[in-house]
Each structure stands twice: as structure tokens, then as C-alpha cells.
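Right, one structure below, let's go through it.
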Amino acid sequence: MRTLRARRRRDAIIRILLLTAALVAFLLPLTWTVLASFGSLPDNSTRPPSWKGPITFDHFREVGIAEPSFWQELATSTAAAACAAALAVLCSFLAAFGLARSRFAGKSLLTEGFLVLASLPAMAYVIPLSDLMRRAHLADTFAGVVLTEAAVMTPLAVYVLHGALRQLSTEWEEAAVLDGAGLFRVLGEVVLPLTAPAVAATAIVLFVLAWNLLLVPLVLTSGEIKTVPVAMMDFFTFERELDWPTAAAALVISLVPVAILGGVFHRVLERFSLDARVGA
Amino acid sequence: MRLTHRDRFVLFAPLAVLLSGWLVLPALLGLFATFSTYSPFSTSIHFAGLSNYLAVIRDPQFGVAIRNIAVFVAFAVPLELVIGFGLAYLLRRPIRGRGLWRLLLLLPWLVSPIANGVMWHFLLVGANSILDFASGWLGQASVASPIGDARLALPTIVAIEVWREAPFVAFLLLPGLLSVPKELWEHATLDGASWIRQVYDVALPSLRPLLLAITMLLVGLSLGTLDVVLILTGGGPGSATVTPAFYSYDQAFGVNNWPAGAASAWLIAAAVFGVGVVYIRLVRRPASR
Chain S
1 MRTLRARRRR DAIIRILLLT AALVAFLLPL TWTVLASFGS LPDNSTRPPS
51 WKGPITFDHF REVGIAEPSF WQELATSTAA AACAAALAVL CSFLAAFGLA
101 RSRFAGKSLL TEGFLVLASL PAMAYVIPLS DLMRRAHLAD TFAGVVLTEA
151 AVMTPLAVYV LHGALRQLST EWEEAAVLDG AGLFRVLGEV VLPLTAPAVA
201 ATAIVLFVLA WNLLLVPLVL TSGEIKTVPV AMMDFFTFER ELDWPTAAAA
251 LVISLVPVAI LGGVFHRVLE RFSLDARVGA
Chain U
1001 MRLTHRDRFV LFAPLAVLLS GWLVLPALLG LFATFSTYSP FSTSIHFAGL
1051 SNYLAVIRDP QFGVAIRNIA VFVAFAVPLE LVIGFGLAYL LRRPIRGRGL
1101 WRLLLLLPWL VSPIANGVMW HFLLVGANSI LDFASGWLGQ ASVASPIGDA
1151 RLALPTIVAI EVWREAPFVA FLLLPGLLSV PKELWEHATL DGASWIRQVY
1201 DVALPSLRPL LLAITMLLVG LSLGTLDVVL ILTGGGPGSA TVTPAFYSYD
1251 QAFGVNNWPA GAASAWLIAA AVFGVGVVYI RLVRRPASR
């Protein structure tokens, strides 16, 4: 037993060392960026390279000067991603419940089909979509962006939520039905409370995905509505001589909302499970 | 509960409207359009058969794009899976502050692809780059940016994508690893199985459906690689980093060759559906081991 414990101990130390190495490797680029946003830049001309620049918040202010509508775009991005995630989760939750409580031939094919659809890259459909949206007068409107972003994300949400709902025992539902509850009462008072962690985790992941979408808002808009990724794209392509600390500051700002969301809800995020056959 | 017809309608209608209106209908209209000379601003449309597709396939640029994306998928997806699995495996056992480790290791995925491109541009190019910093410490002269080198550009794009996606793979795999019954691990440990045996005999068989699903997502999304290329290299140098999605984007929105853009986009979709058929076959067949 002693050797086993010694081995466990050794394993634990190796694990911590490897994790620390991985953390350094994965976070080094981000740390570099955060330092740059505060004006702390390396001076590579000296040997060995040194660090220069006092710590300053000026670059965060410069973002607003270089791109006057940046704060507006930040608000648009947040609102669009939140609305799209909410709409996608709502539609997907209903459909996933319907799917989980139905039996028909080809059901598993349909479910897996949703995952295939979720894997479809945006480029595969945005060209006709941009054309159609212009004809429907939804191009360059907030509603158009939200509806499209929601539609793009529903396949993943249906797949994930179906996995969570399928595992749910039907006992409580049946009890509620015997009490005379209709569909909406069953959903609102029984099913949703029981699957709330999975639903919340899905909503957060969808928010991040929507927040980071580039191609969909890019081809659907032409200036009226602008999300942060689109603004960054414009800014970076038209003015390549962008000042690095300012770009870094914009980058840090764009990361803050999703990082806060992840930080506050990291316990909930642990309930995000892609596969129906795993997880509790 | 047993669903009535009305219940079914209420449950499925919202999704059906959203999906058909904003995904299926545009996609199908786009598909029909690729067999014609349609473009949004053209006045006359006539049937063109397969000529749009033939033009794309004959374009040497598209051939290069296919080669590039094949290399990209062949290297990026296995690396993302292996590194992601490694991270999840390290986080499998309870350690102090696992929640914080998980969150910190997920950060790269939270960076949007476009911000990612901007960030790596400055990390690799210019006076404040991380590369020059490292070579300075090693006493070397400054290094040329790998993005500007035709041989290094594609591997660099692969590395950047792996950096961003591997944490997401770990995030998706960890719940699966944690739900492997404890007895299985304990058996393996008591039998004195090495960690490699544990991975092969315990982890991989239990994770098979999840790994297949993640692979499907990764392959599909990799086949559409665009954002990083768009911002970091613009397909260059030369056409070293042109991907089919970049080709399609450039044709449709860059040089206004709408039919070629739409046709090449449908070739990407066809490739993803092809992978999807393989995926569904694999996932429905129980593990042979």
C-alpha cells in the first residue's frame, strides 16, 4: 500500500508541474497582450531584452479616440449576443424536449444530424443568406443580426439540450400531468428547474459563440449595426499601422465580458456536456 | 409525458421557423443559384448547369486551397484532440482550485478568432514581438516573422488554431472523463496498469461517442477556416495559406464573382456533409472492441 501511496504522490506532483507548464504556455500570449494594453512593452533592441514603459490606462482611453463608436459597438455586441443566445436556447429547449419525448423512425439520425449541421462552417451558407436578408429588408438591422445568429447556433443547442433532457426521468412529469398540468406548466415547473444548470451552461456557451461570430454580422451589416469583431476587422484591415498597445487594449476590453461571464458562472459551465451518453 | 399533436406543434414550430427561414431556405436557394448565372445585381439569369462548379474546380487557386485545408485538418484536428485530451486528463483528479484551473485554461477559446488574429499579428511581427524577445534572450538577432515565410505561414496558422481550440476540446472532454465510473479507474490502478494502459483501456472506450462528436465539430469547423487567415495573412504569402473558405469569401465579396463564391461554398458544405455521413455511421455502430 505504501508504494501505491508514494506513486499517487509522485503522480500528483507530476500533474501539477505539467498543468503549470500548460497554463504558462496557453496564457503567455494573453499575458503579453494584457501587459501591452497597460503600456508595458518589451524593448527588444537591448541585450538582453528589457521592459519599458510606465503602467498607464491611457491606451484604454485611446480605443475610444481611435474608434469613436467603440463603446456603442460593445453595447451592440453584448445586446445582440445576449438576445441571440436567449432566442436560440428558447427555441432549442422546446424542440429538444419534443425530440426527447417522441419516438419515431430516424430519430437518432435527426439528432446526430443536428450535430453535423452545427459543424457546418458559416462560409457554407452566408453568401445566399446575405442576399436573402437584403431582399427581406433585414440586412443591417439589429433584428436581422439577432435572428441569424440565433438560427446559426440552434443546431448545437438542440443537440446539447436533447442530451440533457433525454436523461431526465419522466416520473415528475407524469406526476404533474396527473395533477392536470398542461405542457407549459410541466415545462416551467418541472422540466426547466430540473435541467436549469444544463440550460444555463448552454446559454453561456452560446453567448460566447455569438459574441465571437465574425462572418455572419460582417456580411449582414454595412455600417448601421456593428459588432466588436466586425469593428476590429474593419479597423485592422483599413489601418494596418495600428498602434499595438491600443489594439491590445481593444482586445482586452473585448475579452472582459466573456471572461467575467465565465468567471461568475464557472460552476454552471461545468454542466455543459456535448454528449447525451455522459454526464449526470 | 405523452405529447399531443398540439404540444408537438408548439414545441417544434419556433425552431422550424428559425432554422428554415435563416439557414435551410437560404442554403437551398443558394444551391439552386449555383446552377445558374445568378448574382444579386445581375439583370438576366439563365441556367448554367455545372459550369460554375467546373470553373471553381479548374481554378488552380482552388486546388491550392484544397491542398492547404487538407494539411490544416490533418495536423490541426489531431493536435487539438491530443492536447485537449491531455489537459482534461490532467484535470481529471481533484486538485486544489480545479474550477480556477479550468477557467484559466479556457481563456484562449474565449478570445474571438478575429481578436486572436490581431493579437498574433503583433506577437509575431514588429518591434514588440514575442519572437524577437525570445531570440534576444538567446543572444540571436531578430527573427523574420513566420507569417511572411511561404513555408512557415501554414504551420503557424495551424499552431494558432490549436492554441485556441485545444482548451475548448479539454472543456468538452472533462465532463466525459469525470463521468467514467470510478471502479473502472480503481481496477486499472490496482492492476498496476500504466497511465497509457489506463487511457487506452478505460478512458478512450468510455469516451468514444463524445470523442466522435468533438472530432465532427472540429473537422467541420476546420474545413471552414477563415477568420484567422483573413486577418493574419490574407491568404498569403503568395497563396500559401489560402483556404477554400477564404477563396469563397474572396470570390463573393472581394472580386464580386458571386457564382464562383457560392459554388465553392457549396463544395465546402458538401465536404462537411460527407464527413457527417461517416460520423453518423461510426456513432451508430457500437465500439468494435
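Just so you know, the protein sequences line up as chains S and U, in that order.
Under my numbering, the residue at position 237 of the first sequence is numbered 237, and the numbers go up by one with no gaps.
Under my numbering, the residue at position 150 of the second sequence is numbered 1150, and the numbers go up by one with no gaps.
Cβ coordinates follow ideal geometry from the N, Cα and C atoms, glycine included.
DSSP-derived helix/strand/coil call for residue i
{"i": "U:PHE1047", "result": "strand"}
{"i": "S:PRO193", "result": "helix"}
{"i": "U:THR1241", "result": "coil"}
{"i": "S:ALA280", "result": "Any reading at S:ALA280 needs caution, since the residue's pLDDT is 33, under 50, leaving its predicted position unreliable; the model's value is listed next. Residue state, collapsed to three classes: coil."}
{"i": "U:ASN1128", "result": "coil"}
{"i": "S:GLN167", "result": "coil"}
{"i": "S:LEU213", "result": "coil"}
{"i": "U:ARG1289", "result": "Confidence in U:ARG1289 is poor, its pLDDT being 46 and thus under 50, which makes the residue's placement unreliable; the coordinate value appears in the next sentence. In this structure, U:ARG1289 counts as coil in the three-state DSSP scheme."}
{"i": "U:ARG1197", "result": "helix"}
{"i": "S:GLU112", "result": "helix"}
{"i": "S:LEU206", "result": "helix"}
{"i": "S:LYS107", "result": "helix"}
{"i": "U:PHE1253", "result": "helix"}
{"i": "S:LYS226", "result": "coil"}
{"i": "U:THR1225", "result": "coil"}
{"i": "S:ALA136", "result": "coil"}
{"i": "U:ILE1095", "result": "coil"}
{"i": "S:ARG15", "result": "helix"}
{"i": "U:VAL1180", "result": "coil"}
{"i": "S:ALA66", "result": "helix"}
Cβ of residue i within 8 Å of any chain U Cβ
{"i": "S:ARG15", "result": "yes"}
{"i": "S:VAL146", "result": "no"}
{"i": "S:VAL160", "result": "no"}
{"i": "S:ARG91", "result": "Looking at the sequence provided, one finds Cys at residue 91 of chain S rather than Arg. Closer than 8 Å: yes."}
{"i": "S:ASP131", "result": "yes"}
{"i": "S:PHE236", "result": "yes"}
{"i": "S:ARG5", "result": "no"}
{"i": "S:SER169", "result": "no"}
{"i": "S:LEU115", "result": "yes"}
{"i": "S:PRO128", "result": "yes"}
{"i": "S:ARG103", "result": "no"}
{"i": "S:GLN154", "result": "Before going on, a small fix: residue 154 of chain S reads as Thr here, not Gln. With 8 Å as the cut-off, S:THR154 counts as an interface residue toward chain U."}
{"i": "S:TRP108", "result": "Before going on, a small fix: residue 108 of chain S reads as Ser here, not Trp. At least one chain U Cβ lies under 8 Å of S:SER108."}
{"i": "S:ARG9", "result": "no"}
Neighbour flag for residue i against chain S, beta carbons, 8 Å
{"i": "U:ALA1008", "result": "Just to set this straight, residue 1008 of chain U is Arg in the shown sequence, not Ala. So yes, U:ARG1008 belongs to the interface."}
{"i": "U:TYR1053", "result": "no"}
{"i": "U:VAL1283", "result": "yes"}
{"i": "U:ARG1289", "result": "For U:ARG1289, the pLDDT reaches just 46, beneath the cut-off of 50, and the residue's location in the model is therefore unreliable, leaving the point undetermined."}
{"i": "U:GLY1084", "result": "no"}
{"i": "U:ILE1214", "result": "yes"}
{"i": "U:TYR1200", "result": "no"}
{"i": "U:LEU1018", "result": "yes"}
{"i": "U:VAL1278", "result": "no"}
{"i": "U:PHE995", "result": "One cannot answer for residue 995 of chain U here, as it falls past the ends of chain U, which runs 1001 to 1289."}
{"i": "U:GLY1224", "result": "yes"}
{"i": "U:PHE1075", "result": "no"}
{"i": "U:SER1248", "result": "yes"}
{"i": "U:ILE1114", "result": "yes"}
Chain S contact residues for residue i, given Cβ-Cβ distances below 8 Å
{"i": "U:ILE1095", "result": "ALA12, ARG15, ILE16, LEU19"}
{"i": "U:PHE1012", "result": "LEU94, ALA95, GLY98"}
{"i": "U:LEU1079", "result": "Here the premise fails: no neighbours, minimum Cβ distance about 13 Å."}
{"i": "U:GLY1261", "result": "ILE127"}
According to DSSP, residues forming a beta bridge with residue i
{"i": "S:PRO42", "result": "S:TRP51"}
{"i": "U:SER1036", "result": "U:PHE1047"}
Interface residues of chain S facing residue i [CB-CB closer than 7 Å]
{"i": "U:GLY1099", "result": "HIS266, ARG267"}
{"i": "U:ASP1227", "result": "LEU214"}
{"i": "U:LEU1110", "result": "VAL208, LEU255, VAL258, ALA259, GLY262"}
{"i": "U:VAL1118", "result": "MET232, PHE236, ALA247, LEU251"}
9 Å Cβ cut-off: residues of chain S touching residue i
{"i": "U:ILE1130", "result": "LEU28, PRO29, TRP32, PRO42"}
{"i": "U:PHE1273", "result": "VAL116, LEU120"}
{"i": "U:PHE1253", "result": "ILE127, SER130, LEU218, VAL219"}
Chain-ordered chain U contacts of residue i [CB-CB under 7 Å]
{"i": "S:PRO49", "result": "PHE1133, GLY1136, TRP1137"}
{"i": "S:ALA122", "result": "GLY1224"}
Residue i: contacting residues in chain U (beta-carbon distance under 8 Å)
{"i": "S:GLU174", "result": "MET1001"}
*Given 8 Å as the limit, is there contact between the segment 205-214 of chain S and the segment 76-89 of chain S, that is, 3 or more CB pairs closer than that?*
yes
*Okay, do the segment 1118-1125 of chain U and the segment 1179-1187 of chain U touch, 3+ Cβ pairs below 8 Å being the bar?*
no
*Below 8 Å, can you find three or more Cβ-Cβ pairs linking the segment 1250-1267 of chain U to the segment 1083-1101 of chain U?*
no
*Residues from the segment 1035-1049 of chain U in contact with chain A, defined by Cβ distance under 8 Å*: You won't find chain A in this structure, because its protein chains are S and U.
*asked:* With three or more C-beta pairs closer than 8 Å as the rule, is the segment 263-275 of chain S touching the segment 48-59 of chain S?
replied: no
*Any chance the segment 1235-1248 of chain U sits against the segment 1023-1032 of chain U, with 3 or more Cβ pairs inside 8 Å?*
no
*Do three or more CB pairs link the segment 164-184 of chain S to the segment 128-138 of chain S at distances below 8 Å?*
no
_Contact the segment 1142-1162 of chain U vs the segment 245-256 of chain S: 3+ CB pairs below 8 Å_ = no
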